[in-house]
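Under this note's numbering, the final residue of the sequence shown carries the number 86; numbering is consecutive throughout. Where is the CB? At the ideal position from N, CA and C, for every residue including glycine. Computed from a predicted model, the values in this text were never measured in an experiment. Here's the structure we're looking at; comments come further down.
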Amino acid sequence: MRNVKIVRIITGEDVICDFIEDASGTYMSEPLEVDVRSSKKSGEPTVVLRNWLPIELISDNLTRVNPRNIIAVFDVNDTIMEY
Numbered sequence: 004m005r006n007v008k009i010v011r012i013i014t015g016e017d018v019i020c021d022f023i024e025d026a027s028g029t030y031m032s033e034p035l036e037v038d039v040r041s042s043k044k045s046g047e048p049t050v051v052l053r054n055w056l057p058i059e060l061i062s063d064n065l066t067r068v069n070p071r072n073i074i075a076v077f078d079v080n081d082t083i084m085e086y
């Protein structure tokens, strides 16, 4: 089962990913940077997701992260989980 979370890192970026913590370290699998913008037409918030890692250049869409660089970890709401 996946453990999908939004991770806020010290750079201010919000990353949605399969968040893995175990004895070998802290990992983000398939991380996507989250950007929330207002729609120009309606003013409603729009969520934009883009690759956080250069997936064209790496062998696996997984990265180990230093827990000291994590400010907070949030649960994902149902709407984003479906998306």
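By the CB criterion at 7 Å, R67 and G28 fall inside the cutoff. Going by DSSP, I23 is part of the beta strand (DSSP E) stretching over D17 to D25. Under DSSP, I83 forms no beta bridge with any residue.
For E36, the pairing in a beta bridge is given by DSSP as V18 and R53.
Less than 7 Å separates the beta-carbon of I12 from that of N72. V39 counts as exposed, since fewer than 16 other beta carbons sit within 10 angstroms of its beta carbon.
Taking 7 Å as the cut-off, the beta carbon of D21 is found no closer than this to the beta carbon of V37.
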